[in-house]
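Using this note's numbering, the first residue of the sequence shown is number 84, and each one after it goes up by one.
Cβ coordinates follow ideal geometry from the N, Cα and C atoms, glycine included.
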Amino acid sequence: YAERNGLRTPWNHDVDMKLMHEFKFGKDNGRSLQLSLDIFNVLNLLYNSWGHVYFVTNVNNYTANLLTFVKDANGVTAGKPSSGYLPTFNFNVPTGLDSHYYTVDPLNSRFQAQLGIKYNF
Numbered sequence: 084y085a086e087r088n089g090l091r092t093p094w095n096h097d098v099d100m101k102l103m104h105e106f107k108f109g110k111d112n113g114r115s116l117q118l119s120l121d122i123f124n125v126l127n128l129l130y131n132s133w134g135h136v137y138f139v140t141n142v143n144n145y146t147a148n149l150l151t152f153v154k155d156a157n158g159v160t161a162g163k164p165s166s167g168y169l170p171t172f173n174f175n176v177p178t179g180l181d182s183h184y185y186t187v188d189p190l191n192s193r194f195q196a197q198l199g200i201k202y203n204f
């Protein structure tokens, strides 16, 4: 069994920024042109290891085998449904240098920018 609150990820820090400027023109200033720049995940733009989005494995269509069927003394996998026995599982503990239960989402951990132009009349 996993301990209570044992599968927590680090905090996700996400800062977005918007810069906008409006240029008014015409005699009555009724027309204007707005230019905007949206930057998403500014922290990752400033420093590559900041602004990471973490998630626990086995979610977001990410496949990780944390549970496997247990084999009996004869080497038969007794827990498989075809054997007629109740399923028995082992918990696979992550190994390696990054032995934790979460991973970094490579797509959402990048900064993004969006340029906008708006004409008001």
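Buried/exposed call for residue i, threshold 16 Cβ in 10 Å
i, result
"G134", "buried"
"N124", "buried"
"S192", "buried"
Whole-number beta carbon distance between residue j and residue i, since they are thought to touch under 8 angstroms
i, j, result
"N127", "F194", "4 angstroms"
"Q197", "D121", "4 angstroms"
"S119", "K107", "Going by Cβ atoms, the distance from S119 to K107 rounds to 15 angstroms, so no, they are not a contact pair."
From the options, residue whose alpha carbon lies closest to that of residue i
i, options, result
"E86", "Y184, K101, D188 and G199", "Y184"
"V139", "G109, V125 and T186", "T186"
"E105", "R91, L116 and D111", "L116"
"P93", "F204, K201, G199 and D188", "D188"
"N203", "R114, L190, G109 and Y137", "R114"
"Y130", "D97, G109 and R91", "D97"
"I200", "N88, Y137 and M103", "M103"
Strand pairing of residue i, partner residues [DSSP]
i, result
"F138", "T186"
"N203", "S115"
"D121", "K101 and Q197"
"K107", "S115"
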